[in-house]
């Protein structure tokens, strides 16, 4: 399994709970893609966010986020040192 | 006329005034009546479905019945049954038939006929129409039978009323002979008993098949035998099969096992994982002791019990186990399951056959004198012909035998106290055997008066306590029940059956009574419930028979009840066996699923589409990942119609994209399509999912059409990402179809589209696909830079796709080393992604030498 980062940016400040609800509704999709949500960093102004997932590949995370209608800027696999 | 057929009463056939012996199979006699009275040409299939279940090999059974009937009705010079491959006709122009004769005679009107004619006609009514043929579980036949029976009753009543008006008569009722309860000595049958007892001396298993016509004393003989065997310290398990319980799998066996000390039936059943383990547990229980298992009325044994009997007998060959099976020989021929088992056991040399004969004059006289020393025993012998049941009834009634045994029994009922007679009628509606609780509820009696009535009925030998069941009672003889039951008017019967259906718990029994009471919706639903129970007990044949019966009931229900019921019944039939005539069935189920949608029955619509998808993918495909479906369904149930369509389509697309559970993906795509046709709104995911499903099936033209449609939808909606996906899938279709030139053209269109999308794996995959098409069309291998980019953006699925296809091209070009290198990488990725098709492709390349 890979560690995958998703960068998100919003024009207006968002609340973590709203995004979490969207993600929750699409839990079946994430599960099908075997994408597991790990944790999230949200900037103080609420306009930038980084989510960390565990998944077979970055593409799975992209597809799952698209299906869930979760907006994102970039998705990439990372290595932790 | 040389041939005479009599159906008013028990079926009789006479040639030149001499009675001919009839086939004893009830269905064969029913067939004769149906052919003779309808007088039409019938299709063979129609006759098969009229009287036989699928599991019985109906065509074979029909052939057999026709061959038996030919010996009865055909003359050397006049064949009357004409049958070819497809049709059967009974040519009866020169045949005299009682009911038709009465019908013709009454045509001018009953008042026009002279009294002598009316008296002659009255004598033709020997009993109810087809008195010995009751096949209430065969709906079409039963409906026909009831119609004719009602007509015959109306004719009989009209004649009787007219005669009464012309010449009033007072009926003389003979004084009642009170037969007190208590064991009567068995008369005769010493030879049979000695033969069976001798078998107990050998230390191995024996199966005794005891056959004889009704009333010859099979049950009495079994009771005597049980007492003698018990005296030898052998465990006796005595049970009966019941006609109304042929849909209750293992019924007699469960009754038998209940008699074993220390056996908890509930634990026994709930511990079983499979049919095999259930069978071997029962077999061990029986084989663990010296044991005699006695089955009465085996002609009504259910298919599962018959199979279990075969198993237990074979596995206990070397043990001291005795099976005694008593059956009405003729009716046994109607039970294909029991026959099959007996044939098997006969081949293994395990069966001893005993056919009970009529009593001799000496024996009959002894029997009659034991009941009533004053009776005219020689006359009774000549009237009864040595049939002990008939002789006993004659002795009791002190009357004559005109009108047959049924009339004697009815006369006895008339002499009962009214309350007991009424309870007896409820018993007759409940069936050959019943328990106290439903009887009390149905008859509306408190326990005390009920027990008093039962006591009277037992004392007069109408009923007996049934020791194998708690609070169980059974009719002393099936003939008794039939005589009582047939006296009830049709309207009364229906009401009584409905009441009974309302107080029972067993679904199969409820189905039986609800159908006879005319509540077909309840009957159908109960069939579903009973069939599901059968499936849990691994009794496929019974489940299928119940489902078929349910389909019959459902056919005449209003749409709202019919559609969901039919879908559930089809589901049960799928569970039993792979359906035949897939196309026909698929279109029927598709219609039903659409109707369910129209009726706003989403659960049943979903079931329909699911069944349809199984048909499409053929039965037996992968069935994993049910849990995924549940999540998807959860989603699809929320929101408004549009959201539901989108959610379902996306779920379908997701499943197929990931190669998880394709049949379910198909089901969801079908349902989403149907819903979207109604809503006039089509999301991109539907054609895209359908296209991918067809691509998996390698139906390239259908896949192309679906992706083209998806592309048009995406363009109309100006959605870039879906547009890219549809085009990408078109390229993949061409590659998989081997049309690389066309693939290359499309891939060139894909590149500019990818560049307008946000950062991701779209640009590298577009370039990689274009490079792959060029390579496959004979160009250079320029794939590596794009593959590397796919690795960098970590798009394993797209990477795997290109690697496996590139490896195929490598093989075609003879570059095995490179091919295997790519296949190894693809295999590793496909295993991470759990994609069976890519794993298989990679392995195929790695196998190459």
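Protein chains in written order, with my numbering: chain A, 1 to 81; chain B, 82 to 930.
Don't be surprised by glycine CBs; every beta carbon is placed ideally from N, CA and C.
The structure presented is a predicted model; accordingly, all values stated were derived computationally and were not measured.
At a cut-off of 8 Å, the C-beta of residue 81 of chain A has no neighbouring C-beta in chain B. Looking from the CA of residue 329 of chain B, the closest CA among B:925, B:587 and B:244 belongs to B:587. Between residue 772 of chain B and residue 788 of chain B, the CB-CB gap stays under 8 Å.
Around the Cβ of residue 327 of chain B, a 10 Å sphere holds 16 or more other Cβ atoms; the residue is buried.
For residue 874 of chain B, at least one C-beta of chain A is nearer than 8 Å to its own C-beta. For residue 76 of chain A, the pairing in a beta bridge is given by DSSP as A:5. The beta carbon of residue 45 of chain A sits closer than 7 Å to those of 13, all from its chain and outside the five residues before and after it, given in chain order. The three-state secondary structure of residue 27 of chain A, taken from DSSP, is helix. In the structure shown, residue 633 of chain B falls within a helical segment according to DSSP collapsed to helix, strand and coil. Taking the Cα positions, residue 878 of chain B is about 23 Å away from residue 823 of chain B. With a minimum length of 3 residues, the unbroken runs of beta strand (DSSP E) contained wholly in the stretch 525–557 of chain B fall at 544–546 and 553–556.
Going by DSSP, residue 164 of chain B is part of the beta strand (DSSP E) stretching over 162–164.
Any Cβ of chain A closer than 8 Å to the Cβ of residue 802 of chain B would place that residue at the interface, and such an atom is present. Neighbours of residue 33 of chain A across chain B, judged by C-beta separation under 8 Å: 735 and 739.
By the Cβ neighbour-count rule, residue 391 of chain B is buried, with 16 or more other Cβ atoms within 10 Å of its own. Within the stretch 285–339 of chain B, the complete alpha helix (DSSP H) segments of 4 residues or longer fall at 299–311 and 332–338, listed in chain order. Close to residue 841 of chain B, with beta-carbon spacing below 9 Å, are these residues of chain A in chain order: 58, 59, 62, 74 and 75.
Close CB contacts of residue 222 of chain B within its chain, under the 8 Å cut and outside five residues either way in sequence, are with 111, 115, 131, 132 and 216 (chain order). Annotation: residue 7 of chain A has no Cβ neighbours in chain B at a cutoff of 9 Å; minimum Cβ distance is about 10 Å. Within chain B, 875 have C-beta atoms less than 7 Å from the C-beta of residue 2 of chain A, given in sequence order.
Residue-level contact check: residue 11 of chain A does not touch chain B, since none of the beta carbons of chain B fall below 8 Å from its beta carbon. Cβ contact annotation for residue 919 of chain B (same chain, cutoff 7 Å, sequence separation greater than five): 881, 885, 907 and 911, in chain order. Bridge partners of residue 830 of chain B according to DSSP: none are assigned. With three or more CB-CB distances shorter than 8 Å, the stretch 410–418 of chain B counts as touching the stretch 371–384 of chain B.
Residue 320 of chain B is positioned such that its CB atom lies closer than 8 Å to that of residue 336 of chain B.
Nearest in C-alpha terms to residue 537 of chain B, of all of B:498, B:558 and B:572, is B:498.
Taken in chain order, the members of the stretch 16–47 of chain A whose beta-carbon sits within less than 9 Å of a beta-carbon on chain B are 25, 26, 27, 28, 29, 31, 32, 33 and 34. Residue 776 of chain B is positioned such that its CB atom lies closer than 8 Å to that of residue 817 of chain B.
By the Cβ neighbour-count rule, residue 527 of chain B is exposed, with fewer than 16 other Cβ atoms within 10 Å of its own.
For residue 817 of chain B, the enclosing alpha helix (DSSP H) begins and ends at 801–817. Membership of residue 367 of chain B in the alpha helix (DSSP H) is indicated by the continuous run 356–368. Cβ-Cβ separation between residue 648 of chain B and residue 688 of chain B: approximately 5 Å, consistent with a contact (criterion under 8 Å).
Using beta-carbon distances, residue 914 of chain B counts as an interface residue toward chain A, with a partner under 8 Å. Boundaries for residue 913 of chain B: no beta strand (DSSP E) harbours it, while the alpha helix (DSSP H) harbouring it runs 897–914, taken from the DSSP string. Per DSSP, residue 877 of chain B is one residue of the alpha helix (DSSP H) stretching across 877–893. DSSP places residue 101 of chain B in the uninterrupted beta strand (DSSP E) bounded by 99–101.
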